[in-house]
Amino acid sequence: MTGPTVLIVDDEPALAKALSINLRARHWDVITASNGAAALEAAAKRPIDLAIIDLGLPDMDGIEVIEGIRGWSRVPIIVLSARHDSDEKVAALDAGADDYVTKPFGMDELLARLRANLRRSQPADEASEPVVTAGSLEIDLAARRVTRDGRPVRLTPTEWHFLEVLVRHRGRLVSHQQLLTEVWGPGYRTETNYLRVYSAQLRRKLEDDPARPKFIVTEPGMGYRFDG
């Protein structure tokens, strides 16, 4: 009998093998990736229940992988890293990690943390597919890419983050305060002028008629909603 599916992202073959053996012995279904690009591709192609991610990957920082998976999935993410600095831990947790284990580690402790995080995880009421299609738009939350009528749309990092938050809550109101906090940080909760500027920029790039938006809809006095 196969249990939960875990994605192991680590470029140390011996460690990845040891983790795989221990988890398979406990009836976990294991997927491995040795770099960030392969990890994001694997997570986008196949549903997973939990991810274990090393921060020191050869092609990108593990935090980028966390952010990529968080673009469409709420699965528990456990960081497994040799980095002990508290700033690194804070950055990983702020990016969306649920737990942080430093190397070297005890296998029993790691397994207990996996079980605990899996117990706490709940089905997410958010976009659970990495690619969202809305009319002429295709929004790839894993690759952080938008196309319109098949042509790439160039977005700034802030424009992308604004759009990503709305798409993850597709069809539901996202309040001004939530958008400002998620995109700019808690210190910007009252800067609603930022929302007007960036929503207008996105509409110019994504809407057929920016004056009559179909996708990025304003709920006056409350927030914004992504329709489509």
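Under UniProt numbering, the sequence shown has 4 at position 4, and the numbering climbs by one with no breaks.
Just so you know, even glycine gets a beta-carbon here, dropped at the ideal spot from N, CA and C.
- Following the DSSP letters along the chain, one finds residue 74 in no alpha helix (DSSP H), marked with neither H nor E.
- Residue 110 is not a Cβ neighbour of residue 10, given a cutoff of 8 Å.
- Taking 4 residues as the minimum length, the alpha helix (DSSP H) runs contained wholly in the UniProt domain "OmpR/PhoB-type" (129-228) are 157-168, 176-183 and 192-206, in order along the chain.
- Of the other Cβ atoms in all chains shown, 16 or more fall within 10 Å of the Cβ of residue 43; this residue is therefore buried.
- Of all alpha-carbon atoms in 94, 143 and 52, the one lying nearest the alpha-carbon of residue 103 is that of 52.
- With a beta-carbon spacing of about 5 Å, residue 65 and residue 36 fall inside the 8 Å limit used to define contacts.
- Contact between residue 50 and residue 76 holds, with the beta-carbon distance rounding to 5 Å and staying under 8 Å.
- A direct Cα-Cα distance of roughly 17 Å separates residue 113 from residue 82.
- Between the C-alpha atoms of residue 130 and residue 213 there is a straight-line separation of about 23 Å.
- Beta-bridge annotation (DSSP): residue 81 is paired with 102.
- If you draw a straight line from the Cα of residue 121 to the Cα of residue 162, it comes to about 25 Å.
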